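**Q**
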Amino acid sequence: MPVLADSFQVALPDGTNPKPVFSVTRINGQPAVGVDGSLIADGTIVGRRVIALDSIDAGQINSRGLTIRDQAGSVVVDMTGMGAGYIKGRLTVGQIDTESLRITRNGAVVVDANGLDATYIRNLMVDTLQIRGEAVSKNDTRSITVNGWTNAFNYSFQFSCSDSGTLLAFADSPFADPVATLYGRNRSVPVNGSAVLVLNVNAGEVVTVGVSSPAIQKSGVIRYGCVLSGGRDAHRHHRVRRRRPHRPDRHQPAGEHPAGRGRRQANPDRRGGPGDAVCARRRHRAAPAR
Numbered sequence: 000m001p002v003l004a005d006s007f008q009v010a011l012p013d014g015t016n017p018k019p020v021f022s023v024t025r026i027n028g029q030p031a032v033g034v035d036g037s038l039i040a041d042g043t044i045v046g047r048r049v050i051a052l053d054s055i056d057a058g059q060i061n062s063r064g065l066t067i068r069d070q071a072g073s074v075v076v077d078m079t080g081m082g083a084g085y086i087k088g089r090l091t092v093g094q095i096d097t098e099s100l101r102i103t104r105n106g107a108v109v110v111d112a113n114g115l116d117a118t119y120i121r122n123l124m125v126d127t128l129q130i131r132g133e134a135v136s137k138n139d140t141r142s143i144t145v146n147g148w149t150n151a152f153n154y155s156f157q158f159s160c161s162d163s164g165t166l167l168a169f170a171d172s173p174f175a176d177p178v179a180t181l182y183g184r185n186r187s188v189p190v191n192g193s194a195v196l197v198l199n200v201n202a203g204e205v206v207t208v209g210v211s212s213p214a215i216q217k218s219g220v221i222r223y224g225c226v227l228s229g230g231r232d233a234h235r236h237h238r239v240r241r242r243r244p245h246r247p248d249r250h251q252p253a254g255e256h257p258a259g260r261g262r263r264q265a266n267p268d269r270r271g272g273p274g275d276a277v278c279a280r281r282r283h284r285a286a287p288a289r
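Counting from 0, one number per residue, gives the positions in the sequence shown under numbering that gives the first Met the number 0.
1) Identify whether residue 149 lies in helix, strand or coil by the three-state DSSP scheme.
2) So, do the segment 135-154 and the segment 198-217 have three or more beta carbon pairs nearer to each other than 8 Å?
3) Is the beta carbon of residue 194 less than 8 Å from the beta carbon of residue 175?
4) From the DSSP secondary-structure annotation, give me the bridge partner or partners of residue 105.
5) Identify the continuous beta strand (DSSP E) that holds residue 62 and give its terminal residues.
6) Do residue 140 and residue 209 come within 8 Å of each other at the CB atom, strictly closer than that value?
7) Along the chain, where does the beta strand (DSSP E) that runs through residue 198 open and close?
8) Candidates 56, 178, 67, 62: which alpha carbon is nearest residue 153's?
9) Could you tell me the distance, in whole angstroms, from the CA atom of residue 151 to the CA atom of residue 180?
10) My guess is that residue 8 and residue 19 are in contact by the Cβ rule of under 8 Å, so how many angstroms apart are they, rounded?
11) Relative to the C-alpha of residue 138, which candidate in 168, 155, 149, 163 has its C-alpha closest?
12) Using CA atoms only, rank isn't needed, just tell me which of 228, 6, 14 is closest to residue 21.
13) Taking its Cβ as the centre, do 16 or more other Cβ atoms sit within 10 Å of residue 69, making it buried, or is it exposed?
14) Pull up the distance between the alpha-carbon of residue 102 and that of residue 91, whole angstroms please.
15) Take the Cβ of residue 96 as the centre, count every other Cβ of all protein chains shown within 10 Å, and call the residue buried at 16 or more, exposed below.
16) Measure how close the beta-carbons of residue 205 and residue 157 come, nearest whole angstrom, since I'm counting them as under 8 Å.
17) Taking DSSP as the reference, what is the three-state secondary structure of residue 160?
18) Give the single residue among 173, 94, 73 whose Cα lies nearest to the Cα of residue 88.
19) Going straight from the alpha carbon of residue 240 to that of residue 165, what length do you get?
20) Alpha carbon to alpha carbon, how far is residue 66 from residue 163? Give it in angstroms, no decimals.
21) Going by beta-carbon coordinates alone, are residue 30 and residue 23 separated by less than 8 Å?
22) For the candidate residues 190, 182, 56, 189, whose alpha-carbon lies nearest to that of residue 207?
23) Cβ of residue 173 within 8 Å of Cβ of residue 226?
24) From residue 10 to residue 64, what distance separates their C-alpha atoms?
25) Tell me the rounded alpha-carbon separation between residue 71 and residue 93.
26) Can you grab the Cα-Cα spacing for the pair residue 108 / residue 46, in whole Å?
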């Protein structure tokens, strides 16, 4: 039978402490019945949708998919099965085990499983047997500060050449007169404002580069160092000059070798003797000596 009421209440047998169990109202213009969930001790709720204004506490959630959105409606977590399809936020883990990795920034791929494409790499150490492509440059720079009277000094460092190529040792000084000397290997040059030494080095070679000076009374900074340009293209600018084969002078008498190396000069007064020209021996049979 129909019951006309806007709420149902349950009270103790003495009629005290009534509690509303059902409430009848309208949601979006449609009649609806509300249930006070705090009165449900054990039971199952079956429905297409659960709306919780505060939170949902559960020991376990069984679902074939989970999508979580923020207040603006943007997806913050999207999971299908056991895999997370989309995670927005900061991820802090000790280890990531994956068969594929792809990182983008502003739509551009920065890191993927097939390689690395970055604008810069800070504090990178490369340990490899081969770097494909152009030459690799390696450098080292030092500085010497003098302030007033300075005793004689000789500062240097050892530079290890990781590849064969050209080692450019340099030094620059704020002083107009050559008070210092730049040296590298067994060569040296005075530093008159600036100085440069060009050395051809081999892979694995260690070159000592330094600056020395007698006692001076100056104030300033002397900078020195070296740059190694190595790789397979480092020596392209060197041209190999091949020796041209000797061509006899057009005005040279026939049958005469220019320097007589390994050949005897022809004797026009003798025929068939050992002094005949080689070409004559090949063309004509030598006549017996008389």
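Built from N, CA and C at the ideal position, the CB exists for glycine as well. These numbers come from a predicted model, not from an experiment.
**A** A quick look at the data gives this:
1) Position 150 of the sequence shown, counted from the first residue, corresponds to residue 149. When secondary structure is reduced to three states using DSSP, residue 149 falls in the strand class.
2) In this structure the segment 135-154 lies against the segment 198-217, because at least three pairs of beta carbons, one per stretch, are closer than 8 Å.
3) On the sequence shown, position 195 is the one that residue 194 refers to. On the sequence shown, position 176 is the one that residue 175 refers to. Not a contact, by the Cβ cut-off of 8 Å.
4) Against the sequence shown, residue 105 aligns to sequence position 106. According to DSSP, which records beta bridges pairwise, residue 105 is partnered with nothing at all.
5) Taking the first residue of the sequence shown as position 1, residue 62 is located at position 63. Note, residue 62: premise wrong, no beta strand (DSSP E); not H, not E.
6) Position 210 of the sequence shown, counted from the start, is the residue given in the question as residue 209. Position 141 of the sequence shown, counted from the start, is the residue given in the question as residue 140. No Cβ-Cβ contact shorter than 8 Å links residue 209 with residue 140.
7) In the sequence shown, residue 198 corresponds to position 199, counting from 1. That run of the beta strand (DSSP E) goes 193-200.
8) Sequence index remark: in the sequence shown, residue 153 carries index 154 (1-based). Of the listed residues, the one whose Cα sits closest to residue 153 is 178.
9) The residue labelled residue 151 in the question sits at position 152 within the sequence shown. The residue labelled residue 180 in the question sits at position 181 within the sequence shown. Each residue's alpha carbon lies about 12 Å from the other.
10) The residue given as residue 8 occupies position 9 in the sequence shown. The residue given as residue 19 occupies position 20 in the sequence shown. Confirmed, Cβ separation roughly 5 Å.
11) For this step, residue 138 is matched to residue 139 along the sequence shown. Closest option to residue 138, Cα to Cα, is 168.
12) Here residue 21 refers to the residue found at position 22 when the sequence shown is read from its first residue. Selected option, being the one with the closest Cα: 6.
13) Taking the sequence shown and counting its residues from 1, one reaches residue 69 at position 70. Exposed, by the Cβ-count rule.
14) As a first step, residue 102 must be located in the sequence shown, where it is residue number 103. As a first step, residue 91 must be located in the sequence shown, where it is residue number 92. Approximately 15 Å, taken between the alpha carbons.
15) For this step, residue 96 is matched to residue 97 along the sequence shown. Label assigned to residue 96: exposed.
16) Within the sequence shown, numbered from 1, the residue matching residue 205 stands at position 206. Within the sequence shown, numbered from 1, the residue matching residue 157 stands at position 158. Yes, they are in contact, since the Cβ atoms of residue 205 and residue 157 sit about 5 Å apart, within 8 Å.
17) Position 161 of the sequence shown, counted from the start, is the residue given in the question as residue 160. Reduced to three states, the DSSP call for residue 160 is coil.
18) Taking the sequence shown and counting its residues from 1, the one referred to as residue 88 is at position 89. Nearest option by C-alpha distance: 73.
19) Position 241 of the sequence shown, counted from the start, is the residue given in the question as residue 240. Position 166 of the sequence shown, counted from the start, is the residue given in the question as residue 165. Low confidence applies here, because residue 240 scores a pLDDT of 46, under 50, leaving its location unreliable; read the following figure in that light. Residue 240 and residue 165: Cα-Cα distance of roughly 20 Å.
20) The residue given as residue 163 occupies position 164 in the sequence shown. The residue given as residue 66 occupies position 67 in the sequence shown. Spanning the two alpha carbons is a distance of roughly 59 Å.
21) As a working note, residue 30 is residue 31 in the sequence shown. As a working note, residue 23 is residue 24 in the sequence shown. Yes; because the gap between Cβ atoms is below 8 Å, this pair is in contact.
22) Walking along the sequence shown from the start, residue 207 turns up at place 208. The candidate whose alpha carbon is nearest that of residue 207 is 182.
23) Taking the first residue of the sequence shown as 1, we reach residue 173 at position 174. Taking the first residue of the sequence shown as 1, we reach residue 226 at position 227. Cβ atoms of residue 173 and residue 226: not closer than 8 Å.
24) Mapped onto the sequence shown, residue 10 falls at position 11. Mapped onto the sequence shown, residue 64 falls at position 65. Those two C-alpha atoms are separated by around 42 Å.
25) Here the question's residue 71 lines up with position 72 in the sequence shown. Here the question's residue 93 lines up with position 94 in the sequence shown. Distance between the alpha carbons of residue 71 and residue 93: 32 Å.
26) Reading the sequence shown from its first residue, position 109 is the one you call residue 108. Reading the sequence shown from its first residue, position 47 is the one you call residue 46. Near 43 Å, if we compare the C-alpha coordinates of residue 46 and residue 108.
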